[in-house]
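For the record, in the sequence shown the residue sitting at position 349 is 351 according to the working numbering, with numbers rising by one throughout. Everything below concerns the one structure shown next.
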Amino acid sequence: MRPQADPAPADPAPADLFADRYGPRPEGVWGAPGRVNLIGEHTDYNEGFALPFAISAGVYVAAAARDDGILALTSRQQGSAVVEVPVAALAPGVPGGWAAYPAGVAWALQSAGHRVGGASMAIDADLPAGAGLSSSAALECAAGLALADLYELTVSRPELAALGRHAENDFVGAPTGLMDQLAVLLGQAGHALLLDCREGTAAPVPLDAAAADLELMVIDTRAQHELSDGGYGARRSSCEAAALALGVRSLRDIADPEALGRLADPLLMRRARHVVTENRRVLQTAELLRAGELHRVGPLLTDSHESLRDDFEVSWPEANSTVEAALGAGACGARMTGGGFGGSVIALVPAEVSADVADTVTAVFARNRWSPPVITSRIPAPGARRLG
Ligand code: GLA
Numbered sequence: 003m004r005p006q007a008d009p010a011p012a013d014p015a016p017a018d019l020f021a022d023r024y025g026p027r028p029e030g031v032w033g034a035p036g037r038v039n040l041i042g043e044h045t046d047y048n049e050g051f052a053l054p055f056a057i058s059a060g061v062y063v064a065a066a067a068r069d070d071g072i073l074a075l076t077s078r079q080q081g082s083a084v085v086e087v088p089v090a091a092l093a094p095g096v097p098g099g100w101a102a103y104p105a106g107v108a109w110a111l112q113s114a115g116h117r118v119g120g121a122s123m124a125i126d127a128d129l130p131a132g133a134g135l136s137s138s139a140a141l142e143c144a145a146g147l148a149l150a151d152l153y154e155l156t157v158s159r160p161e162l163a164a165l166g167r168h169a170e171n172d173f174v175g176a177p178t179g180l181m182d183q184l185a186v187l188l189g190q191a192g193h194a195l196l197l198d199c200r201e202g203t204a205a206p207v208p209l210d211a212a213a214a215d216l217e218l219m220v221i222d223t224r225a226q227h228e229l230s231d232g233g234y235g236a237r238r239s240s241c242e243a244a245a246l247a248l249g250v251r252s253l254r255d256i257a258d259p260e261a262l263g264r265l266a267d268p269l270l271m272r273r274a275r276h277v278v279t280e281n282r283r284v285l286q287t288a289e290l291l292r293a294g295e296l297h298r299v300g301p302l303l304t305d306s307h308e309s310l311r312d313d314f315e316v317s318w319p320e321a322n323s324t325v326e327a328a329l330g331a332g333a334c335g336a337r338m339t340g341g342g343f344g345g346s347v348i349a350l351v352p353a354e355v356s357a358d359v360a361d362t363v364t365a366v367f368a369r370n371r372w373s374p375p376v377i378t379s380r381i382p383a384p385g386a387r388r389l390g
């Protein structure tokens, strides 16, 4: 079986959903992609480095301004009921559930002094939620771009990324970093982005797997994850505790893993070791990409997975088996991608063995009686934009 080639976002029809729910046609349609993180996991909130890229699947928002001050939200993937809240009444918890992501961005824009009025939004997606591909950030950023255009707000993309994160941290209640919003808003076709999460910079780095006869295979293990659960926050707290014990502002300030010997608590030592070694792997990967040596990146991906599995302990059984099966079938390297506890695996695979890798992974899932994985081959796509 060949992995499904990077599918075009043809099916979602947010404008039809809009017409169905609100009557007239929308004023515009905005789209924001999901992202795959090539390497650099749990480094963003430690002010470190990450190397994500945007993908062609995403979240699409058809929207129109309204003059009654109401924010109306409906999503095809969430049953198409309409959630209505006055913009003036937005507050953490109101609304809750999936609607908190787009509503949180309206709230964050408003808290930053931007004048946001009412809007009707219809949301459609071809990016699965809970697959570790940043559907939350895509939803925030598509809604944010729609509001910024509808109300002619002057918001730069880095500012919108920060507001998306603010919404996610303080409105939704998930203590995430800035990687996803930056990837979604600044992504470029044919490139990964080297993020420096202290400086807030994003440098495009060429990523063309096909030119090297390779494929970037993304395997959705269908084990769903939820970042507002405690595991993610606990990892973040451990990193902060390790930085405090080491007397540095953040783990970004530790370049040499030897320095971690000063940590008395073995758990904090392992958590910190992941972050410190992962930052190094990101920089090494970026260097290889810049030198046109993608084929040499594989072992860094696999090392990253082992570090996330053994030191950071955010991997999950389906991901571990996927990595093992992919490597056994000829992948150059493989790792879980995203926050962990469920979601997707990325494998760097020679094009001639990609069908074998897909078959082998699928067979392992069948043997374990897990839901069949969804396997796609991805290339870096452009970031969020107005589509119509
Ligand atoms: C999630 C978060 C990101 C980042 C990753 C782990 O995707 O939203 O901010 O921390 O997990 O790298």
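Cβ coordinates follow ideal geometry from the N, Cα and C atoms, glycine included.
Approximately 14 Å separates the beta-carbon atoms of residue 212 and residue 55; this is outside 8 Å, ruling out the contact. Excluding the 5 residues flanking it on each side, residue 3 has same chain C-beta neighbours closer than 7 Å at 357, 360, 361 and 364, in chain order. For residue 31, the enclosing beta strand (DSSP E) covers residues 30 to 39. At least one heavy atom of the ligand GLA sits closer than 8 Å to the Cβ of residue 139.
Residues whose Cβ lies closer than 5 Å to any heavy atom of the ligand GLA, listed in chain order: 43, 44, 46, 178, 179, 181, 182, 340 and 341.
According to the DSSP assignment, residue 60 belongs to the beta strand (DSSP E) that extends over 54 to 68. As DSSP reads the structure, residue 76 sits in a beta bridge with 124. The beta carbon of residue 32 lies closer than 6 Å to those of 63, 144, 147, 148 and 388 in the same chain, with the five residues before and after it left out.
Counting C-beta pairs with one atom in each stretch, the segment 119 to 133 and the segment 69 to 77 have three or more that are closer than 8 Å, which means they touch. Counting of Cβ neighbours within 10 angstroms places residue 6 among the exposed residues, the total staying below 16. DSSP, read as helix, strand or coil, puts residue 168 in helix. The segment 364 to 384 makes no contact with the segment 252 to 259; the number of CB pairs closer than 8 Å stays below 3. For residue 96, no beta strand (DSSP E) encloses it, and the DSSP letter there is neither H nor E. For residue 380, there is no enclosing alpha helix (DSSP H); the enclosing beta strand (DSSP E) covers residues 376 to 380. For residue 183, the three-state secondary structure derived from DSSP is helix. One thing to note: residue 333 has its Cβ within 9 Å of the Cβ of residue 219.
Under the 8 Å Cβ criterion, the segment 334 to 348 does not count as touching the segment 198 to 212, having fewer than three qualifying pairs. Burial is judged here by how many other beta carbons sit within 10 angstroms of a residue's own beta carbon; residue 138 has at least 16 and is buried.
Taking residue 283 as the centre and dropping the five residues before and after it, the same chain places the C-beta of 41, 302, 305 and 306 closer than 7 Å to its C-beta, in chain order.
For residue 86, DSSP records a beta bridge to 74. Secondary-structure assignment with DSSP links residue 335 through a beta bridge to 350. Sorting 300, 315 and 311 by C-alpha distance to the C-alpha of residue 328 places 300 at the top. For residue 118, there is no enclosing beta strand (DSSP E), as DSSP gives it neither H nor E.
Distance from the Cα of residue 99 is smallest, within the candidate group 23, 83, 113 and 134, for 83. For residue 324, the enclosing alpha helix (DSSP H) begins and ends at 319 to 330. Where residue 271 is concerned, the enclosing alpha helix (DSSP H) starts and stops at 268 to 292. For the 9 Å CB-CB criterion, residue 187 and residue 59 do not form a contact. Counting along the chain, the unbroken beta strand (DSSP E) around residue 217 starts and ends at 216 to 222.
For residue 217, the closest alpha carbon among the candidates 61, 349 and 200 is that of 349. Residue burial annotation: residue 293 is exposed, with fewer than 16 other C-beta atoms found within 10 angstroms of its C-beta. Beyond the five residues adjoining it in sequence on each side, residue 90 comes within less than 8 Å, by CB distance, of 71 in the same chain, given in chain order.
Residue 97 is a Cβ neighbour of residue 87, given a cutoff of 9 Å. Here residue 388 is bridged, per DSSP, to 32. The beta carbon of residue 322 lies closer than 7 Å to those of 311 in the same chain, with the five residues before and after it left out. Here residue 20 carries a helix assignment [DSSP, helix/strand/coil]. In the DSSP assignment, residue 363 falls within the unbroken alpha helix (DSSP H) covering 356 to 369.
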